[in-house]
Each structure stands twice: as structure tokens, then as C-alpha cells.
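What follows is a set of notes on a single structure, which appears directly below.
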Amino acid sequence: MTRARAETFGAWVRVDDRTLLAVDRATARRFGVDGGGRWQHPAPSSIVDETTRPLEVHVAVTARCPVACSGCYLDAHPDGEHRAFEEIAATLDDIAARGVFTVAFGGGEPLSHPELPRIAAHARARGLLPVVTTSGVGLTAERARELSSFAQVNVSHDGLGAQYRDTRGFDGARVAERALATLVEAGVPVGVNVVLTRALLGGDGAGLLALVDRVIELGAREVQLLRYKPQGRAASLEYLARRLTPAQVAQLPALISTLVSRTSVRIDCALVPLLSFSSVGRTSSAMVGRASSAVVGRTSSAIVADLVALGVMGCEAGRALGAVDVHGRDAPCSFLPGMSPADVSAFAAPEPCASCPVRAVCRGGCRVVSRHLQGDPFVPDPECPRVQEARR
């Protein structure tokens, strides 16, 4: 055990760089965890909504990026400012004191920050698990070796050839693939973040499958599938042309089932409402990437049972997830700057979500999408198939 935090149900325990466990009270005691006042009352029957403090915090270290991706959530640019190391270190000290386990560094382009290796080392010294996401721009063999303190470096790769350009607005596929190869050669654990767009999935999802096969070939050990969100430069009319079509949303469970037979796959919490008509499996295959058989087309109760058992939830903003922007301000997630984490975590979705059998897992969908399309973050996600069905 490298770090633990008591909860009403027992504790969260980090065993190693890849394993964070939710354990009951008896198991927590065997790990040496004392629940104190949190264990004075009977344990809850479920861990759903029992985690009231972030397990992971996303920290923006810079607003600088040498490229101007058309979908950048931060509106980063080449002249953006770096946040000072001393300020970032103070942030890390604070979130470590709050019992956070993982810190995910972003920007901007984090590789442009000259103190990035030192930042990662400081996180490690505070008991935090550091990870970072990069486009790969500016990565050299020497720089890759400097990233050895990171538990994982995630490279953004949104499609082969023109598909990448359609998503980000510049030809970066080769840059991403070169970065993957360079990191693997340096012995740095690598993953890939994939933003799901209309261009990438196409008519049959072949673009996504080909991309995943390619990054596996290059040495990626896991893939995270992300929903395209209308924040920053992505909050434009282009969002409507880039988001998935209803037909593509219907394909997602089958595509994920195919992917989990090939590699470890993680699912963005914002994607959960798009999976609300089908589950991708009874095991952790789609959620944490332990490849296993998957079953598509399960009932609502089966979907809830599967996802709750796995600890996979919809919007985690202000709950298990937090963020700190480039100015040091707290936010419920990176895509909701200026919003109160407490307000977002307390959100209870109205109808049709309130009576939806998947509500406990979905939590009303993505606040970012609701804010952009409905003008109010505290309404049901309008792209959820169940919400659309109820409104017909």
C-alpha cells in the first residue's frame, strides 16, 4: 500500500501506480486504515455517491501551446503564460493534504513548461501519482527520459491522417505517433487519449478501430475514449458538425466491446449517458481494460448493476474529480471553469432523469454539453438517448 483514505464504506487504497481499490472496512483495517468518526455508523450498502472528495485532480500548468487546435478547451496559444513552479507546488501540497490520489497535468501543452520534470518529482514527494497529457509537440528523446517520474504519459491521438486534422485543425497524427515511439523507447509508460468525433467514427467505426490497432502497435498500454465537449474554442458552431450522430452513438457499445478484446480501455464519465441504452459488459473490460467478453443490449437494471459494481459513473465533476486552472482556481472539472464544485456535486437532475432507471449511474449527463446546448448546466444532457426519447 502506498496511500489510503478512509471513507464511510471503508477506504480507498492505492496499491501501486496502476491499482486504486475501494475496500470495505474489514479489508481497510487489514491495510492499517483507521476510519475514526467516518465508521461510527453502519456502512452504506453501496459506494455510489459515498466519495465526497476528489480522488483525482486535473492541474493546468500552462496556457501556452505551439499549435492552435480548433477544439482546445482552454483556448491556449503560443504566447500563453506558464504557471510558476512555486504556485504549482503549493497547489500540489494542498491537494495532497486533501487526500487526493492522482494529479493529472495538462494545459496548454505541458511539455512546454520548463519545470515539468520538477513538478512531477514534487507530486511524487507528496504521495501523489502524477500523469500528464500531451500532443507530443516538442517531445525529444532527452525530454522523454526526463519524464520518468510520471506514472503514465498520455498522448492525444484523434485519428489517422485526415481524421486527426478534422478534429484538431492541424496535421498532428505523425507527431503523436512519433511521441508514442519516443516515450516507449525511453521506458515511459504510455497511454492514448482519443476524442470521439463524427469524422473518426465515420459510418462503421472503422477509423476508431484502425487508430486503436495502430497505437497498440506503437506500444500504448491503454486507450481512453473521450467525449467531444463544447468548451473553449470547441464551443462554436463546429461542435454541431463534430459531435457524434445518433447512429454513431448507437454503435458505441458494440465498438467498445470490440476494443476491449484488443487492449485496456477507459471510458470518459461524460460518455456514460450515451451508453444508457446498452451496457458494454458484465466485467471491468470496458471500464478498466481487463479484456473480457462483453454483452451488448442489456436491460436498464443490468446496466446499473454492472456499472455500480465497477464504480463506473457518469459526471464525476465535484465528486471524485476536481480541477485547478492555470490561475490556481478550483473548479469541478477542467471543462467547467468558474463553476462551484459544491454546486455541481449537489446537482440532482430533474425529469426525465429523476425517474430514469439509469440515473444513479448517469447522474444527468455532462454539465458542459447541457450548458452549451441548453444555456443551463443544471438540466438533463440533451444528447442522452433516453432524454431524447422522453422528449419525442
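Those letters in the sequence shown? Residues -15 to 376, per my numbering, in order.
In this text, a Cβ means the ideal position worked out from N, Cα and C, and glycines have one as well.
(1) Taking C-alpha atoms, which residue in -5, 2, 29 lies nearest to residue 13?
(2) Taking 8 Å as the cut-off, decide whether the C-beta atoms of residue 27 and residue -8 are in contact.
(3) Just verifying my parser: in three-state terms, what is the DSSP assignment at residue 130?
(4) Could you give the first and the last residue of the continuous alpha helix (DSSP H) run that contains residue 329?
(5) Looking at the secondary structure, which residues open and close the alpha helix (DSSP H) in which residue 77 lies?
(6) When you compare only the Cα positions, how much space is there between residue 211 and residue 23?
(7) Determine the direct distance from the alpha carbon of residue 349 to that of residue 51, and round the result to whole angstroms.
(8) Bridge partners for residue 147 per DSSP, in chain order?
(9) Are the stretch 198 to 213 and the stretch 236 to 254 touching, with three or more C-beta to C-beta distances below 8 Å?
(10) Leaving out the 5 sequence neighbours to the left and right, which residues in its chain are closer than 7 Å to residue 365 when beta-carbon positions are compared?
(11) Pick out the complete beta strand (DSSP E) segments inside the stretch 216 to 247, 3 residues or longer, and give them in chain order.
(12) Going by DSSP in three states, residue 251 sits in which element: helix, strand or coil?
(13) Rounding to the nearest angstrom, what Cα-Cα distance links residue 362 and residue 152 in this structure?
(14) If we ignore side chains and look at the alpha-carbon of each, how far apart do residue 103 and residue 325 end up?
(15) Take the Cβ of residue 118 as the centre, count every other Cβ of all protein chains shown within 10 Å, and call the residue buried at 16 or more, exposed below.
(16) Assign residue 125 to buried or exposed, taking buried as 16 or more other Cβ atoms, counted over all protein chains shown, within 10 Å of its Cβ.
(17) Cα-Cα, which of 194, 343, 42, 133 is closest to residue 316?
On the basis of the coordinates in this document:
(1) -5
(2) yes
(3) coil
(4) 325 to 329
(5) 69 to 81
(6) 37 Å
(7) 31 Å
(8) Answer by DSSP bridge pairing: none, since residue 147 is not bridged.
(9) yes
(10) 257, 348, 349, 350, 353, 354, 371
(11) none
(12) strand
(13) 29 Å
(14) 25 Å
(15) buried
(16) exposed
(17) 42
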